[in-house]
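Participant: Okay, handing you the structure first.
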Amino acid sequence: MANISLKADVRKVMGRKVKKLRQVGLLPANVFGKKIKSQAVSVNLKEFQKVFNQTGETGLIDLILDVKKIPVLINNVTYHPLTGNPLHTDFHHVDLKEKVTANVPLEIVGEAPAVKEKLGVLLSNLDELEVEALPADLPERIAVDVTNLKEVDQAIKIKDLKVSSEIKITADPELEVVKIAPLVSKEAEKMVEEKAEKEAAAEAEKEAAEGVTEEVPEGTPKSEVQEKTSEEKKTGE
Numbered sequence: 001m002a003n004i005s006l007k008a009d010v011r012k013v014m015g016r017k018v019k020k021l022r023q024v025g026l027l028p029a030n031v032f033g034k035k036i037k038s039q040a041v042s043v044n045l046k047e048f049q050k051v052f053n054q055t056g057e058t059g060l061i062d063l064i065l066d067v068k069k070i071p072v073l074i075n076n077v078t079y080h081p082l083t084g085n086p087l088h089t090d091f092h093h094v095d096l097k098e099k100v101t102a103n104v105p106l107e108i109v110g111e112a113p114a115v116k117e118k119l120g121v122l123l124s125n126l127d128e129l130e131v132e133a134l135p136a137d138l139p140e141r142i143a144v145d146v147t148n149l150k151e152v153d154q155a156i157k158i159k160d161l162k163v164s165s166e167i168k169i170t171a172d173p174e175l176e177v178v179k180i181a182p183l184v185s186k187e188a189e190k191m192v193e194e195k196a197e198k199e200a201a202a203e204a205e206k207e208a209a210e211g212v213t214e215e216v217p218e219g220t221p222k223s224e225v226q227e228k229t230s231e232e233k234k235t236g237e
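Just so we're aligned, residue 1 is where the sequence shown starts under the UniProt record's numbering, counting upward by one.
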């Protein structure tokens with residue numbers, strides 16, 4: 001299967017002046033890698049977005065620069081905080097015979113029976129994983145099949161994921177990717193809130209009583225202490 005191609009032009013406009021490029025629909029970028037000299041380039045923004053939607057950061061692209069065809073991966077896309085449009089990107093030149101590391105998104109597949117039967121909720125702990133592989137072997141995404149999660153506390157760990165033998169996941173294999181957590185009912189939440197309110201009220205009464213005792217002079221008869229406490233309670237009411 002042929003790689004997707006994207007045309008690039010050498011960029012001579014630098015610094016703040018790149019705003020002019022964006023105004024005419026161009027995206028400033030840089031090409032870098034171990035075996036090539038870094039090069040400032042620009043690409044058509046709409047074409048870039050179309051390609052990026054297909055490849056993400058793990059799909060190989062043939063960057064056409066002058067008459068050269070450069071195999072690259074998209075890296076470090078930065079976005080405008082308001083419009084969400086790309087402002088800049090890097091193209092990482094790769095050697096097809098050398099392994100690279102990349103972050104691959106995780107995709108939850110199917111529905112967990114425990115969720116369907118309202119026994120629990122599915123908690124997702126990871127959105128992506130760092131992997132090591134040859135550029136051509138990098139997956140677009142890694143599937144997380146949750147259709148066998150039938151009970152609360154069941155989990156899928158990194159070691160349970162099905163990936164090609166050509167791909168090495170660098171993270172701890174015991175890390176949990178997803179897990180079924182207990183489903184907390186509204187009644188249970190209400191009970192917890194009521195308990196907390198009662199404990200807070202009891203603590204407040206205790207502190208108030210201790211405050212009254214501290215103000216009573218040493219040697220005062222117990223009957224007077226009780227009478228004083230009763231009077232202060234009435235005043236507070």
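Where is the CB? At the ideal position from N, CA and C, for every residue including glycine.
1) How is P81 classed by DSSP in three states: helix, strand or coil?
2) Is H80 buried or exposed, if buried means 16 or more other CB atoms sit within 10 Å of its CB?
3) What number of angstroms, rounded off, separates the C-alpha of T235 from the C-alpha of K195?
4) Based on the DSSP output, what are the partners of G120 in its beta bridges?
5) Just mark T101 as buried or exposed, buried being the case when its beta carbon has 16 or more other beta carbons within 10 Å.
6) State yes or no: is the C-beta of A133 within less than 8 Å of the C-beta of E107?
7) Which value, in whole angstroms, describes the spacing of the CA atoms of A112 and E128?
8) Looking at the strands, I want to know which residues DSSP matches up with E107.
9) Would you kindly check if the distance between the Cβ of A114 and the Cβ of K150 is under 8 Å?
10) Quick check: what's the CA-CA separation for V225 versus A202?
11) Could you compute how far the alpha carbon of V152 sits from the alpha carbon of L126?
12) Let me check one thing: in DSSP terms, what residues is N30 bridge-paired to?
13) Please identify the residue among Q23, K68, D137, E117 whose C-alpha is closest to the C-alpha of I169.
14) Below 8 Å on the Cβ atoms is my guess for L161 versus V177; work out the distance and round it to an integer in Å.
15) Could you tell me the alpha carbon to alpha carbon distance between P88 and K97, rounded to whole angstroms?
16) For L65 and P71, I'd like the C-alpha separation in whole angstroms.
17) Name the residue from V121, V163, P135, E207 whose alpha carbon lies nearest to the alpha carbon of T55.
18) For L26, I'd like the list of residues in its chain whose CB is within less than 6 Å of its CB, leaving aside the five on either flank, ordered along the chain.
19) Within the same chain, show all residues whose beta-carbon is closer than 7 Å to that of K206, passing over the 5 residues directly before and after it, in chain order.
20) Taking 6 Å as the limit between beta carbons, can you name the residues of its chain near P139, skipping five residues before and five after?
21) Quick check on K35: does DSSP put it in helix, strand or coil?
Facilitator: The structure says:
1) The count along the sequence shown starts at 1 and reaches residue 81 at position 81. Residue state, collapsed to three classes: coil.
2) Residue numbering aside, residue 80 sits at position 80 when the sequence shown is read from its first letter. H80 should be labelled exposed.
3) On the sequence shown, position 235 is the one that residue 235 refers to. On the sequence shown, position 195 is the one that residue 195 refers to. For T235, the predicted structure reports a pLDDT of 48, less than 50, and the residue's modelled location is therefore unreliable. A value from the coordinates is still provided. Approximately 28 Å between the Cα atoms of the pair.
4) As a first step, residue 120 must be located in the sequence shown, where it is residue number 120. Answer is P182, bridged to G120.
5) Within the sequence shown, residue 101 is the residue found at index 101, counting from 1. Exposed, because fewer than 16 other Cβ atoms sit within 10 Å of the Cβ of T101.
6) Taking the first residue of the sequence shown as position 1, residue 133 is located at position 133. Taking the first residue of the sequence shown as position 1, residue 107 is located at position 107. Not in contact: A133 and E107 (Cβ atoms no closer than 8 Å).
7) As a position in the sequence shown, residue 112 is number 112, starting the count at 1. As a position in the sequence shown, residue 128 is number 128, starting the count at 1. Straight-line Cα distance between these residues: approximately 20 Å.
8) Locating residue 107 in the sequence shown gives position 107, counting from the first residue. Note: E107 sits in a beta bridge opposite A143.
9) Counting from 1 along the sequence shown, the entry for residue 150 is found at position 150. Counting from 1 along the sequence shown, the entry for residue 114 is found at position 114. Closer than 8 Å, so yes.
10) Mapped onto the sequence shown, residue 225 falls at position 225. Mapped onto the sequence shown, residue 202 falls at position 202. Interpretation of V225 is limited by its pLDDT of 46, a score under 50 that renders its predicted location unreliable; the figure taken from the coordinates is listed afterwards. Those two C-alpha atoms are separated by around 21 Å.
11) For this step, residue 152 is matched to residue 152 along the sequence shown. For this step, residue 126 is matched to residue 126 along the sequence shown. Approximately 19 Å, taken between the alpha carbons.
12) Within the sequence shown, the letter at position 30 stands for residue 30. Answer is A40, D90.
13) Numbered from 1 along the sequence shown, position 169 holds the residue referred to as residue 169. It is D137.
14) Counted from its first residue, the sequence shown places residue 161 at position 161. Counted from its first residue, the sequence shown places residue 177 at position 177. Between V177 and L161 the Cβ distance is about 7 Å, and since that is below 8 Å, they are a contact.
15) Taking the sequence shown and counting its residues from 1, one reaches residue 88 at position 88. Taking the sequence shown and counting its residues from 1, one reaches residue 97 at position 97. Inspection of the sequence shows that residue 88 is occupied by His rather than by Pro. C-alpha separation (whole angstroms): 28 Å.
16) In the sequence shown, the residue the question calls residue 65 occupies position 65. In the sequence shown, the residue the question calls residue 71 occupies position 71. Near 11 Å, if we compare the C-alpha coordinates of P71 and L65.
17) As a first step, residue 55 is located in the sequence shown; it is residue number 55 there, counting from the start. Comparing Cα-Cα distances from T55 to each of V121, V163, P135, E207, the minimum goes to P135.
18) To locate residue 26, count along the sequence shown from 1; it is residue 26. Same-chain partners within the cutoff: S42.
19) Translated into positions along the sequence shown, residue 206 becomes position 206. Cβ neighbours of K206 beyond the five flanking positions: none.
20) On the sequence shown, residue 139 is found 139 positions in, with the first residue counted as 1. Same-chain partners within the cutoff: V104.
21) Here residue 35 refers to the residue found at position 35 when the sequence shown is read from its first residue. Coil, per DSSP.
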